[in-house]
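Going line by line, the protein sequences match chains E and X.
As numbered in my numbering, residues 35 to 373 make up the first sequence, in order.
As numbered in my numbering, residues 35 to 373 make up the second sequence, in order.
Every residue, glycine too, gets a C-beta built ideally from N, C-alpha and C.
Have a look at the structure below, then the notes.
There are 2 protein chains.
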Amino acid sequence: MLLRKYHIAIVGATGLVGQEFIKILEKRDFPIASVHLFASNKSTGKKLFVSHNHVELKELTRNSFDPVDIAFFAAGSEISQHFIPRAVKRAATAIDCSGVFGMDEGVPLVVPEVNPQDLENHHGLIASPNSTTIQLVVALHPLHRVNPIKRIVVDTYQAVSETGSSAVDELNAQIKLVLEGKIGVPHIFPHQIAFNVLPEVDVFWDDGYTKEEWRLSEETRKILHNDTIAISATCVRVPVIVGNGEAVHVEFSKPIKPEEARTILASAPGVKLLDDPSVSLYPYPWSAVGTDDVLVGRIRRDASHANGLVMWVVADNLRKGVALNAVQIAEQLISKGLV
Amino acid sequence: MLLRKYHIAIVGATGLVGQEFIKILEKRDFPIASVHLFASNKSTGKKLFVSHNHVELKELTRNSFDPVDIAFFAAGSEISQHFIPRAVKRAATAIDCSGVFGMDEGVPLVVPEVNPQDLENHHGLIASPNSTTIQLVVALHPLHRVNPIKRIVVDTYQAVSETGSSAVDELNAQIKLVLEGKIGVPHIFPHQIAFNVLPEVDVFWDDGYTKEEWRLSEETRKILHNDTIAISATCVRVPVIVGNGEAVHVEFSKPIKPEEARTILASAPGVKLLDDPSVSLYPYPWSAVGTDDVLVGRIRRDASHANGLVMWVVADNLRKGVALNAVQIAEQLISKGLV
Chain E
35 MLLRKYHIAI VGATGLVGQE FIKILEKRDF PIASVHLFAS NKSTGKKLFV SHNHVELKEL
95 TRNSFDPVDI AFFAAGSEIS QHFIPRAVKR AATAIDCSGV FGMDEGVPLV VPEVNPQDLE
155 NHHGLIASPN STTIQLVVAL HPLHRVNPIK RIVVDTYQAV SETGSSAVDE LNAQIKLVLE
215 GKIGVPHIFP HQIAFNVLPE VDVFWDDGYT KEEWRLSEET RKILHNDTIA ISATCVRVPV
275 IVGNGEAVHV EFSKPIKPEE ARTILASAPG VKLLDDPSVS LYPYPWSAVG TDDVLVGRIR
335 RDASHANGLV MWVVADNLRK GVALNAVQIA EQLISKGLV
Chain X
35 MLLRKYHIAI VGATGLVGQE FIKILEKRDF PIASVHLFAS NKSTGKKLFV SHNHVELKEL
95 TRNSFDPVDI AFFAAGSEIS QHFIPRAVKR AATAIDCSGV FGMDEGVPLV VPEVNPQDLE
155 NHHGLIASPN STTIQLVVAL HPLHRVNPIK RIVVDTYQAV SETGSSAVDE LNAQIKLVLE
215 GKIGVPHIFP HQIAFNVLPE VDVFWDDGYT KEEWRLSEET RKILHNDTIA ISATCVRVPV
275 IVGNGEAVHV EFSKPIKPEE ARTILASAPG VKLLDDPSVS LYPYPWSAVG TDDVLVGRIR
335 RDASHANGLV MWVVADNLRK GVALNAVQIA EQLISKGLV
């Protein structure tokens, strides 16, 4: 049997997420016919090593997507807004990680472990959710299926790599300065991030929430197909390079025992249970780096609500948080014959 | 008028908290007749500069408290358990920061801005609460007075200095190793803390909560004189040296507008309001270092509950979190003629 192979594009190939895309496509033996890498014009002409080939980085043009079947967009919202309509017009299927289209009606917002069926009616564009949303719904959906969720209170501990490699550089540079007794001027983050935490991820809206907190709430409801789940979130940037943590307090429709949740999550797709406090076994960002799974631990009764559970959820924000989820979407499209 | 002065002792004088005690007593012109400094025997004989005098560090003995009026205990639970009964027997008033006595019946657990009246019936021992509790109740009590709180969900971002100077050293050493591409073996914390966050503060109990989470809940109820407030907490250690953050989601008895809460907190004792997202004005640990106030910002409607508010609370964990609160307790005892 001859398996079909696909011409793929990575837009934003030199970024931290772009690099993850390349690693993941290789590791998963994605059926690649050809790879087209796009980056900002300062990288144009350079070459990256992909699947045993040197591939030249190109600048995006109106015709870039002519030979492309599947285009992964990981270069920010402006690039996605400008080029995705062009890619779709040229019959490429775009998988967008920028977040601009996720809440648009008619655009499937998909986490393959949770709502792969939403891919069926795509019109050439599929949105991959925000990293904080992805790890939350992968951990909660298996429980929600058996005991519908009423309310979620979630506070995040988010890594700087979400903001790109310049943010990682800023953290490292500031740390060195502080250790020398100096202070660095922040450029990427609104205040110093070294030895600090900042309750500001993405822009503030008029109601006092950030766009990140709004997305986490709205995307979760859209993916779980439930408009009534109440969600309260505070999103916080922490001086971690890779790996997002979430403290999650969930109210279900009826009581649920921690052991019941553990049993369900132990066999849930995309979840790895790490939950034995007696030996300090629980997930943390450093242990999540380079892993595909959403890691769940510290599952316990919510002391403040009869139907509640509290848990701690961690994932690699570049991998399952962005690139892996997008590649899994492409794999689903292929297996369902939707591309 | 001749003001009475007091013979005071600091137990654990060389620790991070002990150093804060010395700074705060000097800064606040505490009416000191004499200072007695106690430390572990490896420091005995050394001298510290306190109120223009060199004071020799001594080892604790059975008779150490004979000349002492007020003894501040900041040397951990074992020292407190062993020596506080001796201090009280010798007619000293002990103010304990170790946490071992805080939930004992008959022991006042006091935050002077919140429940100074509880000092009235002390029997020689007053407990100062955990740092996470102190900043939470200073921020919430002014609101609770006008609109009783039903439920609190709180997740913490706690600094390593709570664990002592060796923990600060471990963070700094690990950071340097990681920046050199190496890995350090953790000694103080259960896992690496550099570029990481750990959902483990203090020991785990059988129900899956940590002692820190339990204390935060129980102490809050005791200080607010309300057994029915439901509390759910996850306490997380972050790679910050000084300054604890708390994401707080509160349900009140009836609706409360963010503006109403801001008006109340703007004039609340011990609170400083820093709340203007339009210019990224909110508290963060780095900005809290060396400040006396509990800093509150990001006050907004809880999108998940009609009677809810969400806020972000930060304080210096060594200062208002421990030493300042204990000194304020002593000042209250003096002004009330209770010592």
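The CB of L174 of chain X never comes closer than 8 Å to any CB in chain E; the least such distance is about 14 Å. Contact of A264 of chain E with chain X by beta-carbon distance below 8 Å involves A337, S338 and H339.
Around the beta carbon of G140 of chain X, a 10 Å sphere encloses fewer than 16 other beta carbons of the protein chains shown; the residue is thus reported as exposed. In terms of beta-carbon proximity, Q226 of chain X lines the interface with chain E, with at least one pair separated by less than 8 Å. In summary, K256 of chain X is buried, with 16 or more beta-carbon neighbours lying within 10 Å of its beta-carbon over all protein chains present. Under DSSP, the beta-bridge partners assigned to E285 of chain E are E:R185 and E:G342. Interface annotation for the stretch 186-215 of chain X against chain E: I186, V187, D189, Y191, N206, I209, K210 and L213, criterion Cβ-Cβ distance under 8 Å. Assigned with DSSP and collapsed to three states, R255 of chain X falls in helix.
In the DSSP assignment, G52 of chain E falls within the unbroken alpha helix (DSSP H) covering L50 to K61. Using a CB distance below 7 Å, the part of the stretch 234-262 of chain X facing chain E consists of E234, F238, D241, G242, Y243 and S251, ordered along the chain. The C-alpha of A128 of chain X lies about 17 Å from the C-alpha of P65 of chain X. Around the C-beta of R249 of chain X, 16 or more other C-beta atoms lie within 10 Å, and the residue is accordingly described as buried. Under the three-state reduction of DSSP, E234 of chain E is assigned to coil, being neither helix nor strand. Residue pairing for K39 of chain X: DSSP places it in no beta bridge. Residue nearest to V276 of chain E within the set E:L299, E:A201 and E:V361 is E:A201 (criterion: CA-CA distance).
Proximity of N351 of chain E to chain X, defined by a Cβ-Cβ separation below 8 Å, is not satisfied. 8 Å or more divides the Cβ of N359 of chain E from the Cβ of F286 of chain E. Within the model, the alpha-carbon separation for G158 of chain E versus A126 of chain E is close to 7 Å.
Scanning its chain for C-beta atoms nearer than 6 Å, with the 5 sequence neighbours on each side dropped, one finds around E247 of chain E the residues A267 and C269, in chain order. Look at the stretch 119-150 of chain X: it has no residue with a C-beta under 7 Å from a C-beta of chain E. Cβ contact annotation for A322 of chain E (same chain, cutoff 7 Å, sequence separation greater than five): G277, L329, V348, A349 and D350, in chain order. If you ignore the 5 residues before and after G198 of chain X, its C-beta comes within less than 7 Å of the C-beta of G49 and L50, all in its own chain and listed in chain order. Approximately 17 Å separates the beta-carbon atoms of Q208 of chain X and Q192 of chain X; this is outside 8 Å, ruling out the contact.
If only uninterrupted beta strand (DSSP E) runs of at least 3 residues are considered, those enclosed by the stretch 72-148 of chain E are 81-84, 87-92, 104-107 and 127-130. A357 of chain E sits in a helix when the DSSP states are folded into three classes. Those residues of the stretch 268-296 of chain E placed with their C-beta closer than 8 Å to a C-beta in chain X are T268, V270, V272, P273, V274, I275, G277, G279, A281, H283 and P292, ordered along the chain.
In the three-state reduction of the DSSP assignment, T167 of chain E falls in the helix class, which pools H, G and I.
Secondary structure of N278 of chain X (DSSP, three-state): strand.
When the alpha-carbon of N87 of chain X is set against those of X:L71, X:I160, X:T78 and X:D100, the nearest one is in X:L71. Runs of the alpha helix (DSSP H) lying entirely within the stretch 295-322 of chain E, each at least 4 residues long, are 319-322 in chain order. In the structure shown, V69 of chain E adopts extended strand secondary structure according to DSSP, grouped into three states.
For the 8 Å CB-CB criterion, Y316 of chain E and P220 of chain X do not form a contact. A contact between stretches requires three or more CB pairs, one per stretch, nearer than 8 Å, and the stretch 81-100 of chain E fails this requirement with the stretch 229-244 of chain E. DSSP, read as helix, strand or coil, puts A267 of chain E in strand. Boundaries of the alpha helix (DSSP H) harbouring L211 of chain X: S199 to L213, taken from the DSSP string.
V45 of chain X counts as buried, since at least 16 other C-beta atoms from the protein chains shown sit within 10 angstroms of its C-beta.
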